[in-house]
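S.K.: One point on numbering: in numbering that gives the first Met the number 0, the residue at position 57 of the sequence shown is 56, and numbering is uninterrupted. Don't be surprised by glycine CBs; every beta carbon is placed ideally from N, CA and C. All values derive from a computational prediction rather than experimental measurement.
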Amino acid sequence: MTYTKWFHSHADKHKNIVAKLSARNYTPEQIINYFEFDNMVRTENDFCLLYAMKTKCHDIPHLNCYWCACPYFRFNDNATADNEGNTLFSYCAINAPQGKSFQHENKVHHDCSDCTVSHDTKTILKNFSTDWKETMKACNLTF
Ligand code: SF4
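And the structure:
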């Protein structure tokens with residue numbers, strides 16, 4: 000699956016869940032809390048492929064999935080090769096110290112597996128929006 004395809008598919012799933020919670024008059028705090036990993040595995044099993052295996056993408060106690068993926072992630076499915084023949088398909092806009100890149104053949108992608116910036120409830124609340132696509136709009140560099 001391309002980044003772009005995942006982005007639109009995930010946006011739709013996120014939107015449907017938030018619409019359901021908003022119809023119940025959930026506050027921002029309640030909406031964010033609903034996206035706690037343990038609750039999401041129970042109630043929204045198709046939101047993430049890892050839920051079927053009850054596996055967290057980051058092994059932390061209070062993993063919140065509201066901001067999956069991350070507003071600082073940047074991707075470009077149409078990226079072109081540099082002078083050395085390598086193609087950078089994704090990177091971190093803030094160059095977070097826990098992030099790293101990985102390369103397969105000449106394809107370079109960003110690896111966020113050690114970074115939990117986007118899973119912190121307080122950070123999500125501080126920048127809260129019910130519109131996931133608006134929050135993530137800078138991520139998609141594909142034109
Ligand atoms: S390294 Fe961290 S801050 Fe950067 S894109 Fe990945 S999750 Fe976001």
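Go ahead and label W131 buried or exposed: buried means 16 or more other beta carbons lie within 10 angstroms of its beta carbon, across all protein chains shown.
M.R.: With 16 or more Cβ atoms within 10 Å of its Cβ, W131 is classed as buried.
S.K.: In angstroms with no decimal places, state the Cα-to-Cα distance between N139 and N82.
M.R.: If you take the alpha carbons of N139 and N82, they lie about 23 Å apart.
S.K.: Would you say the beta carbon of F72 comes nearer than 7 Å to a heavy atom of the ligand SF4?
M.R.: Checking every heavy atom of the ligand SF4 against the Cβ of F72, one is found closer than 7 Å.
S.K.: At a cut-off of 7 Å, would you count C91 as near the ligand SF4, judging by its Cβ distance to the nearest heavy atom?
M.R.: Yes, since a heavy atom of the ligand SF4 falls inside the 7 Å radius drawn around the Cβ of C91.
S.K.: Taking 7 Å as the cut-off, does the CB of V116 come closer than this to any heavy atom belonging to the ligand SF4?
M.R.: Yes, the Cβ of V116 comes within 7 Å of a heavy atom of the ligand SF4.
S.K.: Rounded to whole angstroms, what is the Cα-Cα separation between H108 and N75?
M.R.: Approximately 10 Å between the Cα atoms of the pair.
S.K.: I need the boundaries of the alpha helix (DSSP H) containing H9, first residue and last residue.
M.R.: Per DSSP, H9 belongs to the alpha helix (DSSP H) from 2 to 22.
S.K.: Indicate whether D110 and K99 have their beta-carbon atoms separated by less than 8 Å.
M.R.: Yes, Cβ-Cβ distance for D110 and K99 is below 8 Å.
S.K.: Consider the C-beta atom of H9 and the heavy atoms of the ligand SF4; say whether any pair is separated by less than 7 Å.
M.R.: Not so, every heavy atom of the ligand SF4 lies at least 7 Å from the Cβ.
S.K.: Which runs of the alpha helix (DSSP H) fall wholly inside the region 76 to 105 and span at least 4 residues, in chain order?
M.R.: Counting only runs of 4 or more, we get nothing.
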